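Residue numbers (the numbering used here): 12 to 272. From the three backbone atoms N, C-alpha and C, an ideal C-beta is built for every residue, glycine too. Quick caveat: nothing in here was measured; it's all calculated off a predicted structure.
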């Protein structure tokens, strides 16, 4: 690391025992990679505006030498570029003198992959890297395999996070709802899984899809049911009474709550 970068870190980042960090996920996420490919743009570490920010985290670790760190990113980080990206990350952390918990686990039951649905009603899988400075002998037998012991006995339900009344602007317009409805039907007929994601707040076990950065466009991945009758919709989509129960989007406050804020 060059001295100018190290001096900048020393001036602006105080000494600390634990570093909690996340670097931009778009270069590595399935959606982000797909979008960048469609636009002919680089992804992963080749994305010089986002992908290389991992190495800024490395500079902080190298300069401040915290006792441990917790790094978080999307699940696809493990498989990006056929696993090469993740191998570089793990090798870099090892060369810094840190041991990552459960580093050798790579199968479908990898404990480093944690789904947020165990804490909040949203399916949100993330990889969590917990590292310990090797010279301090802190790691011992630490593992994320017993993370289930930290799951709440009773998880908050979606209904508990929702506002009882929302402004009309969050309810889908008849035109948008018809478009999303027909789009889903078309792909269902082809055997595809594309389409909106309706959730039913009256079901205490319901879990939403992953809330994404594109949600503001149409809200399709998480629609809140307001009593829409599917059978009636199949017979007469424009039924006036049923149209009063068109689904709605989440409000900004609800989105924050769904992410734990």
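Excluding sequence positions up to five away, which residues of its chain have a Cβ less than 6 Å from the Cβ of residue i?
i	result
residue 100	none
residue 213	none
residue 135	127, 221
residue 83	33, 137, 139
residue 208	220, 232, 233
Can you give me the start and stop residues for the alpha helix (DSSP H) that residue i sits inside?
i	result
residue 222	Premise fails: residue 222 is in no alpha helix (DSSP H) and is neither H nor E.
residue 104	95 to 106
residue 273	This structure cannot speak to residue 273, because the chain is shown only from 12 to 272.
Beta-carbon of residue i versus every beta-carbon of chain D: anything under 7 Å?
i	result
residue 66	No chain D is present in this structure, which holds just one protein chain.
For residue i, report the span of its beta strand (DSSP E) as first-last.
i	result
residue 18	Taken as a continuous stretch (DSSP letters only), residue 18 belongs to no beta strand (DSSP E), being part of the alpha helix (DSSP H) at 14 to 23.
residue 84	79 to 85
residue 191	Here residue 191 belongs to no beta strand (DSSP E); instead the alpha helix (DSSP H) covers 185 to 200.
residue 137	136 to 144
residue 116	Unbroken run through residue 116: none, as it is neither H nor E.
Excluding the 5 residues preceding and the 5 following residue i in the sequence, name in chain order all residues of the same chain whose CB lies nearer than 7 Å to its CB.
i	result
residue 26	75
residue 262	174, 177, 181
In whole angstroms, give me the CA-to-CA distance for residue i and residue j.
i	j	result
residue 22	residue 195	53 Å
residue 119	residue 86	11 Å
residue 129	residue 77	29 Å
residue 257	residue 131	25 Å
residue 164	residue 192	36 Å
Since residue i and residue j are thought to touch, with beta carbons under 8 Å apart, how far apart are those beta carbons, to the nearest angstrom?
i	j	result
residue 107	residue 69	7 Å
residue 235	residue 259	5 Å
residue 269	residue 172	6 Å
Excluding five sequence neighbours on each side, which residues of the same chain lie with their C-beta closer than 8 Å to the C-beta of residue i?
i	result
residue 67	34
residue 117	89
residue 155	112, 113, 122, 123, 125, 139, 141
Requested in this report: Would you mind listing the beta strand (DSSP E) stretches within the region 207 to 267 that are 3+ residues and don't spill past its ends, in chain order?
Outcome: Listed in chain order, the beta strand (DSSP E) elements of length 3 or more contained wholly in the region 207 to 267 amount to none.
Requested in this report: For the region 150 to 184, list the alpha helix (DSSP H) runs that are entirely contained and at least 4 residues long, ordered along the chain.
Outcome: The region 150 to 184 contains these whole alpha helix (DSSP H) runs: 169 to 172.
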